[in-house]
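Quick notes on the structure that follows.
2 protein chains.
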Amino acid sequence: MTTSTRPPAQSPEELFAEVCGQARRAAVLAAVEALLGWDEQTGLPARAGAYRGEQAAAVAGIVHRLRTDQAHGDRIARLASSPLARSGPPEVVGTISLLARDHTKQARLPARLVEELARTTSEAQQAWRAAREASSWKTFAPWLERVFALKREQAACQLPDRDPYDALLDDYEPDASWPAITARFDRLRGELVPLVQACVAAAERPDDGVLRRPYPVADQRRFVRAVAEKIGFDFTRGRLDTTAHPFCSTIGPDDCRITTRWDERFLPTALYGVLHEAGHGLYEQGLPRDWYGLPAGEAASLGIHESQSRLWENLVGRSPAFWEWCFPVARAAFPQALGDSTAREVQRALMTVTPSFIRVEADEVTYNLHVMLRFDLERALVQGTLAVADLRDAWNERFEHDFGMRPPTDAEGVLQDIHWAAGLVGYFPTYALGNVFAAQLMHAARTQLPGLDRDIAAGRFAPLLDWLRRHVHAHGRLLDSERLVEQATGGPVSEQWLVDSLRQRYAAAHEG
Amino acid sequence: MTTSTRPPAQSPEELFAEVCGQARRAAVLAAVEALLGWDEQTGLPARAGAYRGEQAAAVAGIVHRLRTDQAHGDRIARLASSPLARSGPPEVVGTISLLARDHTKQARLPARLVEELARTTSEAQQAWRAAREASSWKTFAPWLERVFALKREQAACQLPDRDPYDALLDDYEPDASWPAITARFDRLRGELVPLVQACVAAAERPDDGVLRRPYPVADQRRFVRAVAEKIGFDFTRGRLDTTAHPFCSTIGPDDCRITTRWDERFLPTALYGVLHEAGHGLYEQGLPRDWYGLPAGEAASLGIHESQSRLWENLVGRSPAFWEWCFPVARAAFPQALGDSTAREVQRALMTVTPSFIRVEADEVTYNLHVMLRFDLERALVQGTLAVADLRDAWNERFEHDFGMRPPTDAEGVLQDIHWAAGLVGYFPTYALGNVFAAQLMHAARTQLPGLDRDIAAGRFAPLLDWLRRHVHAHGRLLDSERLVEQATGGPVSEQWLVDSLRQRYAAAHEG
Numbered sequence: 072m073t074t075s076t077r078p079p080a081q082s083p084e085e086l087f088a089e090v091c092g093q094a095r096r097a098a099v100l101a102a103v104e105a106l107l108g109w110d111e112q113t114g115l116p117a118r119a120g121a122y123r124g125e126q127a128a129a130v131a132g133i134v135h136r137l138r139t140d141q142a143h144g145d146r147i148a149r150l151a152s153s154p155l156a157r158s159g160p161p162e163v164v165g166t167i168s169l170l171a172r173d174h175t176k177q178a179r180l181p182a183r184l185v186e187e188l189a190r191t192t193s194e195a196q197q198a199w200r201a202a203r204e205a206s207s208w209k210t211f212a213p214w215l216e217r218v219f220a221l222k223r224e225q226a227a228c229q230l231p232d233r234d235p236y237d238a239l240l241d242d243y244e245p246d247a248s249w250p251a252i253t254a255r256f257d258r259l260r261g262e263l264v265p266l267v268q269a270c271v272a273a274a275e276r277p278d279d280g281v282l283r284r285p286y287p288v289a290d291q292r293r294f295v296r297a298v299a300e301k302i303g304f305d306f307t308r309g310r311l312d313t314t315a316h317p318f319c320s321t322i323g324p325d326d327c328r329i330t331t332r333w334d335e336r337f338l339p340t341a342l343y344g345v346l347h348e349a350g351h352g353l354y355e356q357g358l359p360r361d362w363y364g365l366p367a368g369e370a371a372s373l374g375i376h377e378s379q380s381r382l383w384e385n386l387v388g389r390s391p392a393f394w395e396w397c398f399p400v401a402r403a404a405f406p407q408a409l410g411d412s413t414a415r416e417v418q419r420a421l422m423t424v425t426p427s428f429i430r431v432e433a434d435e436v437t438y439n440l441h442v443m444l445r446f447d448l449e450r451a452l453v454q455g456t457l458a459v460a461d462l463r464d465a466w467n468e469r470f471e472h473d474f475g476m477r478p479p480t481d482a483e484g485v486l487q488d489i490h491w492a493a494g495l496v497g498y499f500p501t502y503a504l505g506n507v508f509a510a511q512l513m514h515a516a517r518t519q520l521p522g523l524d525r526d527i528a529a530g531r532f533a534p535l536l537d538w539l540r541r542h543v544h545a546h547g548r549l550l551d552s553e554r555l556v557e558q559a560t561g562g563p564v565s566e567q568w569l570v571d572s573l574r575q576r577y578a579a580a581h582e583g
Numbered sequence: 072m073t074t075s076t077r078p079p080a081q082s083p084e085e086l087f088a089e090v091c092g093q094a095r096r097a098a099v100l101a102a103v104e105a106l107l108g109w110d111e112q113t114g115l116p117a118r119a120g121a122y123r124g125e126q127a128a129a130v131a132g133i134v135h136r137l138r139t140d141q142a143h144g145d146r147i148a149r150l151a152s153s154p155l156a157r158s159g160p161p162e163v164v165g166t167i168s169l170l171a172r173d174h175t176k177q178a179r180l181p182a183r184l185v186e187e188l189a190r191t192t193s194e195a196q197q198a199w200r201a202a203r204e205a206s207s208w209k210t211f212a213p214w215l216e217r218v219f220a221l222k223r224e225q226a227a228c229q230l231p232d233r234d235p236y237d238a239l240l241d242d243y244e245p246d247a248s249w250p251a252i253t254a255r256f257d258r259l260r261g262e263l264v265p266l267v268q269a270c271v272a273a274a275e276r277p278d279d280g281v282l283r284r285p286y287p288v289a290d291q292r293r294f295v296r297a298v299a300e301k302i303g304f305d306f307t308r309g310r311l312d313t314t315a316h317p318f319c320s321t322i323g324p325d326d327c328r329i330t331t332r333w334d335e336r337f338l339p340t341a342l343y344g345v346l347h348e349a350g351h352g353l354y355e356q357g358l359p360r361d362w363y364g365l366p367a368g369e370a371a372s373l374g375i376h377e378s379q380s381r382l383w384e385n386l387v388g389r390s391p392a393f394w395e396w397c398f399p400v401a402r403a404a405f406p407q408a409l410g411d412s413t414a415r416e417v418q419r420a421l422m423t424v425t426p427s428f429i430r431v432e433a434d435e436v437t438y439n440l441h442v443m444l445r446f447d448l449e450r451a452l453v454q455g456t457l458a459v460a461d462l463r464d465a466w467n468e469r470f471e472h473d474f475g476m477r478p479p480t481d482a483e484g485v486l487q488d489i490h491w492a493a494g495l496v497g498y499f500p501t502y503a504l505g506n507v508f509a510a511q512l513m514h515a516a517r518t519q520l521p522g523l524d525r526d527i528a529a530g531r532f533a534p535l536l537d538w539l540r541r542h543v544h545a546h547g548r549l550l551d552s553e554r555l556v557e558q559a560t561g562g563p564v565s566e567q568w569l570v571d572s573l574r575q576r577y578a579a580a581h582e583g
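Keeping their order, the protein sequence lines are chains A and B. One rule links them: number in my numbering = place in the first sequence (from 1) + 71. One rule links them: number in my numbering = place in the second sequence (from 1) + 71.
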């Protein structure tokens, strides 16, 4: 027993345990916030929206207070200057560094700005829904003005020394920079535009008629669930539900929920929705469970997250090997639609390339062009080289340049995505970066697993999943995305793998 | 502007607004806690239970701190001694008095006991599930010992001057007393036992064969939803889902969720599950919306809550008038099962009386006997005149006395209900009190609404619902249950209305 009234000095290990405890307590409530969001999308009664907003705000406020708490910050600062932060086990060193970084960013955000962002983006999303329905850019533009002004303020508070767009990007793709992304995207666009033109001009274009037959929804439910389970999604630690826009949400270490939508006359809507979201889900389920609520148990970045969903959706799910396994399963599920077709016919039908106006309905090749357009425009808006008032015209001109056609309405143009209304600025590029990472990772996996296509054709997905678990999932957020991909693949990140993958696969599909 | 550093004295009105604000903030988070519970029942992944427990505990802790907060208590105390507490508008006077009462009870509960109750009842429920499955009383008895010890401690903390059983009862049926309930139940039992015997011995017993035909679940879903909507359940402010045990849970002022289960070969399981839960839901949806989160927006008691569910389930839903409207709807939904039957045949089938072991499957007449048995046993356990070790034998003897048969297994006897494992002691009598209140309220409604049966037979449920809205729902918790029933019906509470109602309706059904 000590006679001093000062508490005995804590060892760095005790301090670490205490700091992690607080982060985990915040994570418990952040997961509750995620449930409120999931429930809002899956089945909130029509008139319950306003009160749900109050519930979400109350929980978000508690989470923010726990994370930016002064005593917590002081403990993190002491920890960051302790020997443990330099010479502890690697995951401890990484955890301390990331917790300190996160705390600094969060604590720099004034509560007033947090609330104003929450309120404005909530109202802006309502305004966006109405504006999109009416295809009325004019009524939405003032809301975008306000959102972008707040986002610029956020950037200046959180990372005042960085370019404002890079500061926002940092929330989704830590340490990424717009000049590097721009250079990568410019190279990518230079290759994609001629590829799209070649596909469109090909003499033997795939016909997707076989996918546009009656596929009863009840049968689709059973089928896509079985596919998700087969690739490794663990339903004892997850669910599958129906929403207007598919997503994946994590409500706890053993509670990862994916959603999809259904189209009775077009099989890919649900199937590729589920393969995509299950890809996200496999990543979430594969993160180190013991580190849940701490950086070592979190995703590396949105780009890496998207690499996992795209890999399963496109590089596995649209491959001939996958359809060798999947076709008999699908034919048993849909005897009427698929009774007279073949695996090759279905797989080829999935390789259709058609420039279109809506990003979320785009094919695998043109998709990246949609993303790059948004990236360039949002960057110019944040940096002030484009005014919100000029955004609609800038969108339409750029679209015409890249796609050779002009959106007939704003709903099919500048008003189609919810992201900016929701304050998600700097988010779009992660979609294309995910495709870049996915192609490079898949190439490495194929090289390191020589029997990969045979395994997939036989319905054995465990070798690929295990490879991803070891090379991607196991690292949590301790490696940034570039280092993670480099370490997994043995070479620096390059968009060339994506170009090669698309060229090779789509050339084959367009040779008849 | 004041130069003093003391804050200016608050007016009672300002104090009232502040106290209500804190109560409403606690209600926002209490509703989040309700969502965690609803989600746990409707679709939590198998392995997500442990983390859900942490989430629920975290939110419950925050709610408890908000409600028992010292400054909040001080403000309530100041308010309770202000003129507003005596001469304000009646709902303000009632609100202050009930908030003060609630705060006192909650603040007297040490945090340690709150946590121990939460932890023990959570584990006891797991133990109960295993014990019921194995029909093993011995493994469950030690858990019941611990639960009842904690509940006695709770009673002594919260209302030290009251009889310990009455103290527990107060959570569900404020101000009720066990001697009064015992006297009421004894009179009721004296009438029910001969009625059950007469029904069982009747020459013309109803045959429920028509209810035991194939009723496809997909058709049942549409049918019961339409029935719930027809009686007035507002699906823009609510939902219907599937769970193992039906319940009604309120997640916010415009978010009342009911659940049911389905039996493909027995229509009443889902239909009467939904009529019962929709009855609860109509009450919740009818409580004064502007007072949500405050006593004037809360249910009067569990007995009153149960009166609403039982009224719609039994007094409306099993009546000839109801089936006059409902039968054509049901026959259209189930042409195969009901094509060759009549409204009268279905309605009579619903009046079967058969003593059985399981409370939740009991008919309307024997149901009350199940409840009274539990009431007498739990009271004796709390008061110490029965030891947990002797509970199983006491149950079996009493059951044989009341029902003329002995449970063949503990799963069909003392282990059948989850309530005691969950710490719900003092809850059971509210089921039978609800039946008593329901019969008296329905008699008054029928007297005051002369066209009631004609309305019901024509599918017009609004007059009855409006009557309940005005006489029951509108009062929130400002009237206690006895006063509420007395004011609505013009006479003191009496079980005689229930006896008369059962006698009259079941005699008619047993006369062929």
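No residue lacks a Cβ here, since even glycine has one placed at the ideal position from N, Cα and C. Computed from a prediction, not measured in an experiment: that's the story for all the values here.
Item                                                                                                                                         : Value
Beta carbon proximity, arginine 310 of chain B to chain A, threshold 9 Å                                                                     : yes
At least 3 beta-carbon pairs within less than 8 Å: the stretch 501–509 of chain B vs the stretch 369–381 of chain B                          : yes
Within chain B, partners of alanine 102 of chain A - CB distance below 8 Å                                                                   : Tyr122 and Gln126
C-alpha gap between proline 285 of chain B and arginine 336 of chain B, whole angstroms                                                      : 5 Å
Amino acids of chain A, ordered along the chain, whose beta-carbon sits closer than 8 Å to that of valine 99 of chain B                      : Tyr122, Glu125, Gln126 and Ala129
Own chain residues within Cβ distance below 6 Å of proline 235 of chain A, not counting five before or after                                 : Arg223, Ala226 and Val453
Where the beta strand (DSSP E) through arginine 326 of chain B begins and ends                                                               : The amino acid occupying residue 326 of chain B in the given sequence is aspartate; arginine does not appear at that position. Taken as a continuous stretch (DSSP letters only), the beta strand (DSSP E) holding aspartate 326 of chain B covers 326–331.
Local conformation of glycine 368 of chain B per DSSP, three classes                                                                         : helix
Inter-stretch contact (C-beta, 8 Å, three-pair minimum) for the stretch 443–462 of chain B and the stretch 170–188 of chain B                : no
Bridge partners - arginine 525 of chain B, DSSP secondary structure assignment                                                               : For arginine 525 of chain B, which the question treats as bridged, DSSP gives no partner whatsoever.
Contact set for glycine 374 of chain B: own chain, Cβ-Cβ below 7 Å, skip 5 residues either direction                                         : Glu244, Thr501, Leu504, Gly505, Phe508 and Ser552
Three CB pairs or more closer than 8 Å across the stretch 123–134 of chain A and the stretch 100–110 of chain A                              : yes
Inter-residue Cα distance where the pair is glycine 309 of chain B and aspartate 326 of chain B                                              : 5 Å
is_contact[threonine 73 of chain B, chain A] using C-beta, thresh 9 Å                                                                        : Residue placement at threonine 73 of chain B cannot be trusted, given a pLDDT of 45 that sits under 50; what the coordinates show is reported in the next sentence. Taking Cβ atoms only, chain A never reaches closer than 9 Å to threonine 73 of chain B, which makes this a no.
is_contact[leucine 282 of chain B, chain A] using C-beta, thresh 9 Å                                                                         : no
Chain-ordered residues of the stretch 284–302 of chain B with a beta carbon less than 7 Å from chain A                                       : none
Counted within 10 angstroms of its Cβ, other Cβ atoms place alanine 201 of chain B as buried (16 or more) or exposed                         : exposed
Below-9 Å beta-carbon distance, isoleucine 322 of chain B vs any chain A residue                                                             : yes
C-beta atoms of alanine 516 of chain B and leucine 495 of chain B nearer than 9 Å                                                            : no
Local Cβ density within 10 Å of glutamine 126 of chain B, reported as buried at 16 or more and exposed below that                            : buried
Nearest residue (CA-CA) to leucine 353 of chain A, options A:Gly368, A:Asp305, A:Val387 and A:Thr340                                         : A:Asp305
Threonine 413 of chain B: first and last residue of the uninterrupted beta strand (DSSP E) it sits in                                        : Threonine 413 of chain B -> no beta strand (DSSP E), and no H or E assigned at all.
Glycine 323 of chain B (DSSP reduced to helix, strand or coil)                                                                               : strand
Contact set between glycine 388 of chain B and chain A, taken where Cβ atoms lie within less than 8 Å                                        : Per Cβ cutoff of 8 Å: no residues; glycine 388 of chain B is ~24 Å from chain A at best.
Run of the alpha helix (DSSP H) containing glycine 505 of chain B, from where it starts to where it stops                                    : 500–519
Rounded distance between the beta-carbons of threonine 425 of chain B and threonine 113 of chain B, thought under 8 Å                        : No, threonine 113 of chain B and threonine 425 of chain B are not in contact; Cβ-Cβ is about 31 Å, not under 8 Å.
Delimiting residues of the alpha helix (DSSP H) encompassing aspartate 257 of chain A                                                        : 249–272
N- and C-terminal bounds of the beta strand (DSSP E) containing arginine 310 of chain A                                                      : 309–313
Cβ contact check for the stretch 185–194 of chain B and the stretch 154–163 of chain B: 3 or more pairs under 8 Å                            : no
Endpoints, alpha helix (DSSP H) assigned at glutamate 432 of chain B                                                                         : Taken as a continuous stretch (DSSP letters only), glutamate 432 of chain B belongs to no alpha helix (DSSP H), as it is neither H nor E.
Which of helix, strand or coil DSSP assigns to glutamate 187 of chain B                                                                      : helix
Cutoff 9 Å: threonine 307 of chain B Cβ touching any chain A Cβ                                                                              : yes
Reference cysteine 91 of chain B, options B:Tyr363, B:Arg389 and B:Phe470, closest by Cα                                                     : B:Tyr363
Beta-carbon contacts of tyrosine 89 of chain B that lie in its chain and below 8 Å, excluding the five residues immediately before and after : Strictly speaking, residue 89 of chain B in this sequence is glutamate, with tyrosine absent from that position. Hits under 8 Å: Gln81 and Arg146.
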